[in-house]
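Just so we're aligned, residue 719 is where the sequence shown starts under the working numbering, counting upward by one. We put the beta carbon where it would ideally sit given N, CA and C, even for glycine. These notes are about the structure you will find just below.
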Amino acid sequence: MRDLAAHGDRSMRLESLVSRILVLKPDIARIALTAVAGGAAPPVSRWIEDDEDAEPVGLKYRSSRQLVGVLECRPKQSPYITLELNNGQPLYVRGRESPVFLALSLPPMPDPPATVKNSLHHYVQNHALWTALHLAPSGRRILISVTQGPDRIMRRYAEAFDLKGWSAFTPFAPKTESEKRLFNEARATCVDYCGAGSSEVRLLDRGIATSHGQMPQRLRRLMVELIDKQVCPITIATATLTEGVNLPFDLIILPSLERIVEIGINGAPVSDIIPTSEFRNLAGRAGRPGAAEAMEGLTLVCLPTANSASAPGKQQEQRRQRDDYVANLNRMLNLLALEESADLVVYAPLQTLLASIWSKLRDNLGLRTVVELHTFLEQTMPEAVGADLGVGSPALLDMLGDSLDELDAVIIAALDEIDRLEGLPAAALEEALSRVWRRTFTRYASAVEGWMEAAFIKRGQAVVERLYPDSAQRRALYQIGFTPFVGRQFQQISPQINAALKSAADYGSRSTEERFTLFWHIGQLVRNGRGFGFTARGAAEAALIERWHDVAGWWLQREGAVPPEATDLRRWQGFVANNLEFRLGVAVGAAVAEAWNAGAGDLEVPNLETWRETSGLPWIGFWFRELLRWGTLDPFVAFALAQGIVGTRDEGGARRADFDAWLVQRGTAITAEDLIDPQLFLEWQKSLPNQDQAATAPGVVVASFTELAGKRSRYAVRPMPGHDGVTWLDPAGFRVAQSASMPGGPDTNPSRGDYELINDAFGVRVVRTY
719 MRDLAAHGDR SMRLESLVSR ILVLKPDIAR IALTAVAGGA APPVSRWIED
769 DEDAEPVGLK YRSSRQLVGV LECRPKQSPY ITLELNNGQP LYVRGRESPV
819 FLALSLPPMP DPPATVKNSL HHYVQNHALW TALHLAPSGR RILISVTQGP
869 DRIMRRYAEA FDLKGWSAFT PFAPKTESEK RLFNEARATC VDYCGAGSSE
919 VRLLDRGIAT SHGQMPQRLR RLMVELIDKQ VCPITIATAT LTEGVNLPFD
969 LIILPSLERI VEIGINGAPV SDIIPTSEFR NLAGRAGRPG AAEAMEGLTL
1019 VCLPTANSAS APGKQQEQRR QRDDYVANLN RMLNLLALEE SADLVVYAPL
1069 QTLLASIWSK LRDNLGLRTV VELHTFLEQT MPEAVGADLG VGSPALLDML
1119 GDSLDELDAV IIAALDEIDR LEGLPAAALE EALSRVWRRT FTRYASAVEG
1169 WMEAAFIKRG QAVVERLYPD SAQRRALYQI GFTPFVGRQF QQISPQINAA
1219 LKSAADYGSR STEERFTLFW HIGQLVRNGR GFGFTARGAA EAALIERWHD
1269 VAGWWLQREG AVPPEATDLR RWQGFVANNL EFRLGVAVGA AVAEAWNAGA
1319 GDLEVPNLET WRETSGLPWI GFWFRELLRW GTLDPFVAFA LAQGIVGTRD
1369 EGGARRADFD AWLVQRGTAI TAEDLIDPQL FLEWQKSLPN QDQAATAPGV
1419 VVASFTELAG KRSRYAVRPM PGHDGVTWLD PAGFRVAQSA SMPGGPDTNP
1469 SRGDYELIND AFGVRVVRTY
């Protein structure tokens, strides 16, 4: 519920988006396909089909066995595996009470120092790595999936090789020249973004790939390629790696099932086991046909069967922790079994939001009747309820206000799209709201309650007639992309953002420090914004907000910027991903979009020829988000990295002189805007020798549209290789584009990746995303 009130829940976005599509395009072809729906499958099928009698079509067949078991961690003893589930069903030997087991002929993990043994979690994590290192030489591809704190675990794993008895493992070396080239490119990028002494680099040198959500995008893509091409036999990653990706793992090890899900009002972390859908998704990645070697995939949950510490003062604490490990495992197995029976109460995001609003009104404002609920919904703006909205406040009235704001966002998005496509006269408002409700997942969820439809319609009528009566304001708020309350706060600073961008028309000729000053100024405008400003989980992250310019200086390569200590690297990377790339980038993008929409008229798709004239902004407005994404103050470096002309930011800086020389040779007067003009960058690229142009990143190829005008900026595509190159198809099977080769080279298996056709300032190209 905290995520819903804090405007951070993806399931709410999904329900809202799909519902709007089904309202506006009721005859659209649609398929709901998932392997992890569990008990939600029946209501999902009814929702998608708009049929109370619809039933999901399921296949119990699995082309490979999916085994779930336990990796017992026993001090001074060999690893021991017990098997619990086979294809979701309990596994046992008839007539025998003891579980099915695998006794591994592996050496026991050497007795670690007290600093490791005194932390049961640390001991279990090291035991998982020890097991993986001994199983990898047999040809198995192994994923150690971490549920939280990947920076801490990666640091512990990098340090483990310094422990007694860990130095005997065979040094890692890529097997082929192509693997060596890929490895060296990934390592150079890792050094560029993480530092030569980082845990990521130290583990990569041991043949261990890493991936987590805060990792820079280019490095994450290269790590995925190392995994996909089986260069690195062991991977350490969070769940972001395996969401929708078909990677070649035979064995998955989870050191823990637990994750911090929120920070309580008292500042203490609140933990829970990972969702069953995440566990199912993870287990489903092991042993996939065509992606792994064996006929079964094995997912193991670590379980310490004895205390690791010898100190008397640690015994009671570790016994309690071992009990927690057992309780978490049993709870997960029980939930998985319950889902197999499909006998679940299914909660939808919108239903959860409405129920939360009503419960808070009863418990905190004393409302008791449906009439009182309707009166409240018809009259109350979010800010009239809570005093600290848009910042994820855990105070109940603030959560109530934020929940109202979230509900208003769902309503405004649906009604604006109906208005634009069909028109929305006042007399048709109630029917339009009823249409939206009928196509929500909430209507089909088993937990829906009778009063909810009327409450949704009453709030929708109030949004249009009383709360946001100006249709132009509603449209502007919808186009910004924030919830209405947050959008209104953002509209107070967006003119200042665009004014700052306009004042930087000389950005191309500015010094590094002058360029950074622009980022500092706009960052200060955004920093404290409600709902769009910088956020933190816990005191350590909050401290980074106070010195955010230090983090930004390191990320953007400001002269003299001090990099983080290895122990702080992921925290800084997380700040960059959440607050600079995402929040600052989204805020500037929204302000630029406002400027574009104000001058666009009937134009639908931005293009380079008219971008400055239409937006009224200089080129830095075009580049700002790209600079945050690539971690540079120089648009040329961002361009060279995006086009794959260079592999690191330092290489991009070195190639800048080539572009400047080419610019001089053109023989025309050079302006500050010319120095960062993406059109000139593209001209320069076309002037390069063929072999230089071809030296692009392995995951990128130049393409051209075939049967489309290219009005969209991105298309999901699939390859169809042929004698004349590669034809790219959209999900419906229509031809979209053509390229001379596959991203990744001629040896790439076209069925083993995900691809996106991108049409932007850098031209038309296909990018391998996974």
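Around the beta-carbon of Q795, fewer than 16 other beta-carbon atoms lie within 10 Å, marking it exposed. From the listed residues G1108, A1105, A1073, the smallest Cα separation to E1171 is found for A1073. Straight-line measurement puts the Cα of T1201 at about 6 angstroms from the Cα of E1124. Among the bridge pairs identified by DSSP, V1485 is matched with V1418, E1474. Distance between S763 and A1163, taken at the CA atoms: about 11 angstroms. Under the three-state reduction of DSSP, C950 is assigned to coil, being neither helix nor strand. T1445 carries a strand assignment under DSSP once its states are collapsed to helix, strand and coil. Segment contact: the segment 900-917 against the segment 1353-1361, fewer than three CB-CB distances shorter than 8 angstroms; contact not assigned. Taking the Cα of W1341 as reference, the smallest distance to any Cα among V1310, G1365, A1318 is reached at V1310.
In the DSSP secondary-structure assignment, S1457 is bridged to A1421, V1444. Per the coordinates, the alpha-carbon of D923 lies some 21 angstroms from the alpha-carbon of P1281.
Your pair A1421 and A1455 checks out as a contact, with CB atoms roughly 4 angstroms apart and the cut at 8 angstroms. By the CB criterion at 8 angstroms, F1208 and F1250 fall inside the cutoff. In this structure, DSSP gives R1228 a state outside helix and strand, which the three-state scheme calls coil.
Residue pairing for E980: DSSP places it in a beta bridge opposite V988. Residue pairing of Q784 in beta bridges, as defined by DSSP: G1015.
Restricting attention to V979, K882, P855, V818, the CA atom closest to the CA of Q866 is found in V979. Cβ contact annotation for A1318 (same chain, cutoff 7 angstroms, sequence separation greater than five): T1332, in chain order. Annotation: T1087 is outside any beta strand (DSSP E) and is labelled neither H nor E by DSSP. Going by DSSP, I926 is part of the beta strand (DSSP E) stretching over 926-929. DSSP places V1280 outside both helix and strand once states are collapsed to three, so it counts as coil.
In the displayed model, A772 falls within coil according to three-state DSSP, outside both helix and strand. Note on geometry: alpha-carbon atoms of T1070 and E976 lie some 24 angstroms from one another.
Nearest to L969 by alpha-carbon distance, out of A850, N1025, D1442, Q935, is A850. When secondary structure is reduced to three states using DSSP, Y875 falls in the helix class. In the three-state DSSP reduction, I1394 falls in the helix class (H, G or I). Taking every protein chain shown into account, the CB of H1441 has fewer than 16 other CB atoms within 10 angstroms, so this residue is exposed. I1388 and S1227 have their C-alpha atoms roughly 10 angstroms apart. Straight-line measurement puts the Cα of N1082 at about 56 angstroms from the Cα of Q948. Assignment of beta-bridge partners to R1436 by DSSP yields L1447.
In this chain, the alpha helix (DSSP H) harbouring I1215 covers 1212-1220. Pairing E1401 with R1432 gives a Cβ-Cβ distance that is not under 8 angstroms. For I799, the enclosing beta strand (DSSP E) has its first and last residue at 798-804.
Our two residues, P934 and R870, have alpha carbons roughly 18 angstroms apart in a direct line. DSSP places S863 within a strand segment (E or B) once states are collapsed to three.
In this structure L1095 is in contact with A1180, their Cβ atoms being roughly 6 angstroms apart against a cut-off of 8 angstroms.
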